[in-house]
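Read in order, the letters of the sequence shown are residues 158 to 441 in my numbering. Below is one structure, written out as structure tokens, with a few remarks after it.
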Amino acid sequence: MTDNGAGHAPGYKAVKFNLDWITRPLFGIALIGLAIGAIVGGPLYIAIFAALAAGAASREWHRMVGERVYGPAFFLTTLIVALALGAAVLWPHSYIAWAILAGGAVIAGVYAALTGHWPLWHAAGPLYIGLALVSLVLLRGSAQGIFVVIGMFVAIWAADTGALIIGNLVGGPRLWPALSPNKTWSGTVGAVATAAIVEAVYVRIFGGNAILGGALGAVLAVVAICGDLFESWVKRVFQRKDSGGMIPGHGGVLDRIDSTLFVAPLLALAVLVLGLDPLFGAHP
């Protein structure tokens with residue numbers, strides 16, 4: 158094998174060390190640990206954890222859509238979501254939490270209009286962030302809620318992992334270059350397939366129908382991808398690379414929860430309104 162003049166064989170590609178290789182998995186594991194701890198703790202603990210996430214996400218959302226850092230809209234959305242989370246814990250079977258979010262969105266929109274900002278974008282803040290977080294609290298309080306919520310996150314995390322691994326190994330055509338230049342069709346298929354397999358195994362472990370569990374995992378993966386693409390679209394609209402940089406190796410809080418913000422409301426609708434059993438007969 159001949160040398161290429163730089164001390165390496167032809168075709169050699171130097172691999173540069175990237176700090177993200179350490180920070181991304183470390184902070185990812187830490188976040189997963191915190192999330193599981195809150196889920197196991199119950200609705201109150203999820204509400205507390207969600208309220209902290211809401212504050213960080215609200216800051217990033219309103220800054221991204223045109224307000225200064227820690228502006229009034231950030232405080233307004235954080236308060237609205239925190240109140241809705243408290244209502245979901247205290248009165249889980251009422252419409253109070255949803256009414257707070259709806260009323261808060263109107264107030265945020267009116268405030269933005271009066272101050273010369275983008276009213277629809279700022280009004281979307283309490284809904285975009287709050288609907289999902291309230292859904293998480295209510296799902297945790299449902300029958301076998303701990304296993305329902307963990308199963309939801311299992312599907313999301315499996316989709317994310319499958320997309321990363323398969324996308325990097327296979328590559329190929331981009332899914333939607335204008336929105337997310339790093340996403341490929343192979344990664345998308347990998348995300349859906351991985352989520353389906355992992356969710357099928359998860360449901361089957363507890364004695365449920367694996368085929369239906371796999372179907373649910375695939376649907377949740379598709380919704381998770383839509384959530385990711387939606388946030389990418391918003392960032393393109395406002396010319397942002399990341400929603401923030403609060404989590405080393407991961408970007409902003411919104412970058413980490415964008416899938417959950419789409420998946421949680423859909424699953425809550427299916428379980429709490431339509432009566433879907435997401436464990437498909439399993440009795441953990």
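The C-beta atom is built at its ideal place from N, Cα and C for all residues, glycine as well. Values in this document were obtained by computation on a predicted structure and should not be read as measured data.
{"query": "The region 200-219 / the region 231-243 touching (three or more Cβ pairs under 8 Å)", "result": "yes"}
{"query": "Nearest-angstrom Cα separation, counted from A262 out to W333", "result": "30 Å"}
{"query": "Where G162 falls, given that 16 or more other Cβ within 10 Å makes a residue buried", "result": "Residue confidence is low: G162 scores 42 on pLDDT, short of 50, so the model does not pin down where it sits. Its coordinate-derived value is still stated next. Exposed."}
{"query": "Alpha carbon of L457 to alpha carbon of G370, nearest angstrom", "result": "A query on residue 457 cannot be resolved here, the shown segment of the chain reaching from 158 to 441 and no further."}
{"query": "Pair within 7 Å by beta-carbon distance, R297 and I362", "result": "no"}
{"query": "Paired residues, beta bridge with L331 - DSSP", "result": "Note on identity: in this sequence residue 331 is Arg, with Leu being the wrong assignment. Paired residues: T341."}
{"query": "Collapsed DSSP secondary structure at P249 in the structure displayed", "result": "coil"}
{"query": "Runs of beta strand (DSSP E) wholly within the region 343-394 (minimum 3 residues, chain order)", "result": "none"}
{"query": "Coil, strand or helix - W178 by DSSP", "result": "Since pLDDT at W178 reaches only 47, below the 50 mark, its modelled position is unreliable, and no value is offered."}
{"query": "DSSP three-state assignment for R225, whether helix, strand or coil", "result": "coil"}
{"query": "Rounded C-alpha distance that separates L423 from L373", "result": "12 Å"}
{"query": "Alpha-carbon spacing of I186 relative to I323, whole angstroms", "result": "21 Å"}
{"query": "Residue closest to I257, alpha-carbon to alpha-carbon, out of A269, P441, A239", "result": "A239"}
{"query": "Alpha-carbon to alpha-carbon, L209 and H250", "result": "23 Å"}
{"query": "Which listed residue (V327, V305, L247, A207) has its alpha carbon closest to that of F437", "result": "V305"}
{"query": "Close beta carbons around S299, own chain, < 8 Å, minus the five adjacent residues each side", "result": "V305, V428, L429"}
{"query": "Contact check, A378 vs L290, beta carbons under 7 Å", "result": "no"}
{"query": "Span separating the alpha-carbon of A244 from that of V311", "result": "27 Å"}
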